[in-house]
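Below is one structure, written out as structure tokens, with a few remarks after it.
There are 2 protein chains.
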Amino acid sequence: MTYLSLTLTLPSWIGEYIHETGTQFSSIEERMALVVELSRLNIQHKTGGPFGAAIFRADGLLVAPGVNLVASACCSMFHAEMVAIAMAQQVLQTFDLGNDLATHYELYASTEPCAMCLGAVPWSGVNALVCAAYDEDARAIGFDEGAKSADWVAELEQRGISVLRDVLRGNAVEVLQAYADGGGLVYNGRSAK
Amino acid sequence: MTYLSLTLTLPSWIGEYIHETGTQFSSIEERMALVVELSRLNIQHKTGGPFGAAIFRADGLLVAPGVNLVASACCSMFHAEMVAIAMAQQVLQTFDLGNDLATHYELYASTEPCAMCLGAVPWSGVNALVCAAYDEDARAIGFDEGAKSADWVAELEQRGISVLRDVLRGNAVEVLQAYADGGGLVYNGRSAK
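The listed protein sequences derive, respectively, from chains W and Z.
The letter at position 72 of the first sequence is residue 993 when you use this note's numbering, and the numbering goes up by one with no holes.
The letter at position 134 of the second sequence is residue 1055 when you use this note's numbering, and the numbering goes up by one with no holes.
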């Protein structure tokens, strides 16, 4: 007997897009360009909010992409980063991407993670976090990023997770702004008063 | 064409157990007793770590239970609270449990949430968080709770989410201790040095 169940499936356009791009992305900028393009395509295909993410192996192999699927999947935790982490762990069949010490994995995010995703990063086992837009860029179009420590970068680095910010930030901000200009749904949970 | 996909299914013993208990839990203590029992049964059935959670409607109807499924589902985000939130949102087909202003939902957790789950609480739309064991009880047996603000209770309350702590704490701590004494797997991601 099964009880409650939930299936998370990446939209088919992602598979088609990755089929075109291939799965090898050599430079940091190429990896981030993919992630920002996923955020743009997620708006175009109306599958979610303007956020993309991916887990790459340190040599540039794409392990799993992610996009924001909160509204389409009826699940508040399906931010792009969470989707990418969950899919990468499925692909590699491990709950800890850090358990193979010889192979490093990196999380790329088109916008710096919210409080939830930030809390998820150490549990994922990644060695690095690379971000494009600043969290204030998301806040500027109305998205709540939650109660984040002002020292979040240092807190990750204390755990051996390197943080690189401001990679293709301008490109990511263009996508955020296009979403806002197009009247995209800005959902939030319970905001601070 | 589908691409990557992930299915999260609650263990069948939960369905069987809820079939016995029914879905109405009138007092706060009865609701927490269910959640602590789920944490205990999760060890007994070897389906995950010693953590249980559930979403209740304010009138005591169980909407969805959750248990820690990190190791069995190969997914670091499947803490008990996240599983309960995701399942409740599936049952109600909404990504925001707060969107029906006439109906309040409450998250019960056998241990206070880690940094990730804490960040997820406002996004879930619940009106209240009720906890048994303190986070230091989880830390005492080796689980990392992540970088949490010292003011996390006040930060949730500023968002209109009430927090009630120390409900059946002793019962929940017994389960944590039994897990530790039994040599249960204490997994952690990247810990602070």
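Note that CB positions come from ideal geometry on N, CA and C, so glycine has one too.
Query: Does chain W have any CB closer than 8 Å to the CB of residue 922/Z?; Result: Residue confidence for residue 922/Z is low, a pLDDT of 40 falling below 50, so the modelled location carries little weight; the figure read from the coordinates is stated next. Chain W contact via Cβ: present.
Query: So the beta strand (DSSP E) residue 986/Z belongs to, where does it begin and stop?; Result: 983–988
Query: So which residues on chain W does residue 931/Z lean against when the C-beta distance must stay under 8 Å?; Result: 923, 924, 925, 926
Query: With a threshold of 8 Å, are at least 3 pairs of Cβ atoms found where one atom belongs to the segment 951–959 of chain Z and the other to the segment 1079–1092 of chain Z?; Result: yes
Query: For a contact defined as C-beta to C-beta under 9 Å, what are the partners of residue 996/W on chain Z?; Result: 1006, 1007, 1010, 1011, 1016
Query: Against chain Z, does residue 1043/W count as a neighbour if the rule is that its beta carbon must be under 8 Å from one of theirs?; Result: yes
Query: Classify residue 1071/Z: buried if its beta carbon has 16 or more other beta carbons within 10 angstroms, exposed otherwise.; Result: exposed
Query: As a quick exercise: from 945/W, 959/W, 947/W, 1028/W, pick the residue whose alpha carbon is nearest that of residue 934/W.; Result: 959/W
Query: Taking the straight line between their C-alpha atoms, what separation do you get for residue 1104/W and residue 1043/Z?; Result: 23 Å
Query: Give the interface partners of residue 1035/Z over in chain W, defined as CB-CB distance under 7 Å, in chain order.; Result: 1040
Query: Given a cut-off of 8 Å, decide if residue 1056/W and residue 1033/W are closer than it, judged by their beta-carbon atoms.; Result: yes
Query: Please report the distance separating the alpha-carbon of residue 995/Z from that of residue 1015/W.; Result: 5 Å
Query: Using the C-alpha atoms, what's the distance from residue 1036/Z back to residue 1045/W?; Result: 13 Å
Query: Kindly indicate which residue of 929/W, 928/W, 1009/W, 1111/W has the alpha-carbon position closest to the one of residue 1021/Z.; Result: 1111/W
Query: Report, in whole angstroms, the separation of the C-beta atoms of residue 1041/W and residue 998/Z, which I expect to be a contact under 8 Å.; Result: 6 Å
Query: I think residue 1012/Z touches residue 925/W, with their Cβ atoms under 8 Å apart; what is that distance to the nearest whole Å?; Result: 7 Å
Query: Using CA atoms only, rank isn't needed, just tell me which of 1006/Z, 1002/Z, 956/Z is closest to residue 942/Z.; Result: 956/Z
Query: Could you tell me whether any Cβ in chain W is nearer than 8 Å to the Cβ of residue 1112/Z?; Result: yes
Query: Residues of chain W with a CB under 8 Å from the CB of residue 1019/Z: which are they?; Result: 1110, 1111
Query: Using the C-alpha atoms, what's the distance from residue 938/Z back to residue 929/Z?; Result: 19 Å
Query: Give the DSSP-derived three-state secondary structure of residue 1052/W in the structure shown.; Result: strand
Query: Please list the residues of the segment 979–993 of chain Z that have a C-beta atom closer than 7 Å to any C-beta atom in chain W, keeping them in chain order.; Result: 985, 991, 992
Query: With respect to the alpha helix (DSSP H) encompassing residue 1033/Z, which residues constitute its N-terminal and C-terminal limits?; Result: Taken as a continuous stretch (DSSP letters only), residue 1033/Z belongs to no alpha helix (DSSP H), as it is neither H nor E.
Query: Under three-state DSSP, which class holds residue 944/W?; Result: coil
Query: With 9 Å as the C-beta to C-beta threshold (strictly closer), list the residues of the segment 1081–1096 of chain W near chain Z in chain order.; Result: 1081, 1082
Query: Using 8 Å for Cβ pairs, my map puts residue 1064/W next to residue 1092/W. What's the rounded Cβ distance?; Result: So it is not a contact: roughly 18 Å between Cβ atoms.
Query: How about residue 1083/W and residue 1049/W: do their beta carbons lie closer than 8 Å?; Result: yes
Query: What does residue 1003/W touch in chain Z if you count any residue whose Cβ is under 8 Å from its own?; Result: 998
Query: Strictly below 8 Å CB to CB, what residues from chain W border residue 1061/Z?; Result: Here the premise fails: no neighbours, minimum Cβ distance about 19 Å.
Query: Would you mind telling me which residues of chain Z sit closer than 9 Å to residue 1068/W, beta carbon to beta carbon, in chain order?; Result: 1039, 1040, 1043, 1070, 1072, 1073, 1076, 1077, 1079, 1080
Query: Tell me whether residue 1058/Z is buried or exposed, calling it buried when 16 or more other Cβ atoms sit within 10 Å of its Cβ.; Result: buried
Query: Listing by chain order, which chain Z residues have their CB less than 8 Å from the CB of residue 1046/W?; Result: 997, 1110, 1111
Query: From this set, 961/W, 984/W, 963/W, which residue's C-alpha is nearest residue 1024/W's C-alpha?; Result: 984/W
Query: Could you give the distance in angstroms between the alpha-carbon of residue 922/Z and the alpha-carbon of residue 986/W?; Result: Caution is warranted here: a pLDDT of 40 is assigned to residue 922/Z, below 50, making its placement in the model unreliable, and no coordinate value can be reported.
Query: Going by C-alpha to C-alpha distance, which of 940/Z, 978/Z, 971/Z sits closest to residue 947/Z?; Result: 978/Z
Query: Where residue 982/W and residue 1029/W are concerned, what is the direct C-alpha to C-alpha distance, given to the nearest angstrom?; Result: 12 Å
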